[in-house]
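K.L.:
What follows is a structure written as C-alpha cells; I'll ask about it next.
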Amino acid sequence: MKALTIIFLFLTHLSLAQDPEEYLNAGYDKYLEEDYKGAILDFNKAAAYNPDNAEIYYLRGVCRSLLGEKKSAINDLDMATSLNPDYADAYYEKGYIFLSDQNAQKAIEEFDKTLALKPNFAEAYVSRGTAKCMLENREGAARDWEKAKELGIGYTEYMICE
C-alpha cells in the first residue's frame, strides 16, 4: 500500500509540473514585458529541465545584461556559445556588454565572431565600428559604418570618429 501511495504522489507531481517548454515561453513573455527578474526565474526552471538548450542561456544572459548583472550575463552567453558555437546573437550580446564596459578590444573579438557567422548583421558593423573608433582606428571604424549603411542602417552618416 505504501508503494502505491508513493507512485500516486509521484504521478500527481508529474501531472502538475509544467512542460519545460512552457517555462521557456513564459520567460520569453516576461522578457517582452520587461519583467527581467521574473523571466530569469522562468529561464532557471527551463534550464533545470533542459540544460543543453543554448537559447535559454542566451535569453537569461540578455535579461541579466539588462539588469546590469554583466558578469552573470557573460557567463550565460558563454554557456550559450559553448552549447551552440554558431550562435551569432550570443556573440553580439557579449560584444555589446564589453563595448558598454569600454573594453573595445574584447568587443571587437566578439563582433568579429558575430560577423563571421552572420555577415549581414548591420548592427554588429555599427558596434564594431564604434569599438574601433574607441581604439582610434578611424579607417576601420569608417569602413564598418559604411558597411552598416550599405546594409540599411540610416544613421551612420552621423557617426564620426574624432
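Letter 151 of the sequence shown, counting from 1, is numbered 151 in full-length UniProt numbering, and no numbers are missing.
Beta carbons are placed, not taken as given, at the ideal position from N, Cα and C, and that holds for glycine.
If you follow the alpha helix (DSSP H) that N50 is in, where does it begin and where does it stop?
P.N.:
First-last for N50: undefined, no H or E at that position.
K.L.:
For the alpha helix (DSSP H) that T156 lies in, which residues bound it at each end?
P.N.:
Per DSSP, T156 belongs to no alpha helix (DSSP H) and is neither H nor E.
K.L.:
Ordered along the chain, which non-local residues of its own chain (more than five positions away) have a Cβ less than 7 angstroms from that of P20?
P.N.:
A46, Y49 and N50
K.L.:
Count the C-beta pairs between the segment 101 to 109 and the segment 72 to 85 that are closer than 8 angstroms, then say yes if the count reaches three, no if not.
P.N.:
Segments in contact, no.
K.L.:
Spatial neighbours of A39 within its chain, please: CB distance less than 6 angstroms, with the 5 preceding and 5 following residues excluded, ordered by chain position.
P.N.:
G27, K30, Y31 and C63
K.L.:
Go ahead and pull the three-state DSSP assignment for Q105.
P.N.:
helix
K.L.:
Between the beta-carbon of A124 and the beta-carbon of C133, is there less than 7 angstroms?
P.N.:
no
K.L.:
Using a beta-carbon distance below 7 angstroms, is I153 in contact with chain D?
P.N.:
In the displayed structure, chain D is absent; only one protein chain is listed.
K.L.:
Along the chain, where does the alpha helix (DSSP H) that runs through P119 open and close?
P.N.:
Unbroken run through P119: none, as it is neither H nor E.
K.L.:
So the candidates are L135, E22, E34 and S72; which of them puts its Cα closest to the Cα of Q105?
P.N.:
L135
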